[in-house]
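Beneath this line is the structure, given in structure tokens, with notes to follow.
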Amino acid sequence: MEEPRKVIRATYLGSIEVSKASGMDVLNDAIVALENSPTSVPQTVTVAVAPSMITIQQDTDEGDQMVECRVRYLSFLGIGQNIKQCAFIMHTTQDLFIAHVFECDPSAGTLCKTIEAACKLRYQKCLDAHPQGLNPNASLSHNISSPNVNGISRKGISSTLKSLVGTITGRKMKLTQS
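In UniProt numbering, the protein residues as written are 1 to 178.
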């Protein structure tokens, strides 16, 4: 089943490698660098935003896919000093950070809000997949305190500790009595 997605038209100014994974200064520097680059050719594109993927396609009849970014690797998103411009930073498999820069009319707010919603939905799916939470201690206590796993009865951590303390004190009492 295909994920629901929202498609937004924008002008893609291009992509550029950046030094850090986050920061408005990094984003603004990337926007300025692409605006002033003689090799950068702005292209009208459609940006399809789904909970797991951001796809940038040429806005032509063929709709050739230019870039595909997984939402899980998005490290930063922001609107530039000009409210029509926005960018997001992706962490690549080569351990690089790439900023993808857009210009939207009348403002970049719609595109950013859509990408933000995809990030929130992705995070919620992650929480739903791991109901005990991302706290490693919570998963440990959840596993220990489960009453019956694969037919093996398990005690809770507190009852296990009480039993252990009781056993130790019981041994001490027996030793003092003999």
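Glycine is no exception: its CB is placed at the ideal position from the N, C-alpha and C atoms.
> Between which two residues does the alpha helix (DSSP H) carrying L27 extend?
Replying inline: As a position in the sequence shown, residue 27 is number 27, starting the count at 1. According to the DSSP assignment, L27 belongs to the alpha helix (DSSP H) that extends over M24 to N36.
>> Using C-beta distances below 7 Å, list every residue in its chain close to S65, excluding the 5 sequence neighbours before and after it, in chain order.
In response: Along the sequence shown, one-based indexing puts residue 65 at 65. Going by the sequence as given, residue 65 is Gln instead of Ser. Apart from sequence neighbours up to five positions away, the residues of its chain that approach Q65 with a beta-carbon distance below 7 Å are T55 and Q57, ordered along the chain.
>> Measuring straight from C-alpha to C-alpha, what distance separates P4 and A50?
In response: Residue numbering aside, residue 4 sits at position 4 when the sequence shown is read from its first letter. Residue numbering aside, residue 50 sits at position 50 when the sequence shown is read from its first letter. Rounded to whole angstroms, the gap between the alpha carbons of P4 and A50 is 6 Å.
> What does a CB cutoff of less than 6 Å around G63 pick up in its chain, not counting 5 residues either side in sequence?
Replying inline: Locating residue 63 in the sequence shown gives position 63, where the first residue counts as 1. Once the five neighbours on either side are set aside, the close Cβ partners of G63 are Q57.
> Fully enclosed by the UniProt domain "PID" (10-132), which alpha helix (DSSP H) runs are 4 residues long or longer?
Replying inline: Within the UniProt domain "PID" (10-132), the complete alpha helix (DSSP H) runs of at least 4 residues are 24-36 and 109-129.
> Skipping 5 residues on each side, what residues in its chain have a beta carbon closer than 7 Å to that of E116?
Replying inline: Indexing the sequence shown from 1 puts residue 116 at position 116. Within its own chain, the residues whose Cβ lies closer than 7 Å to the Cβ of E116, once the five positions on either side in sequence are excluded, are L77, listed in chain order.
>> Is it buried or exposed, V18, if we count other Cβ atoms within 10 angstroms and call 16 or more buried?
In response: Along the sequence shown, read from residue 1 onward, the residue named residue 18 stands at position 18. With 16 or more other Cβ atoms within 10 Å, it is buried.
> Can you tell which of K20, I31, V7 and A21 has its C-alpha closest to the C-alpha of V101?
Replying inline: Working through the sequence shown from its first residue, we reach residue 101 at position 101. Of the candidates K20, I31, V7 and A21, the one whose C-alpha sits nearest the C-alpha of V101 is I31.
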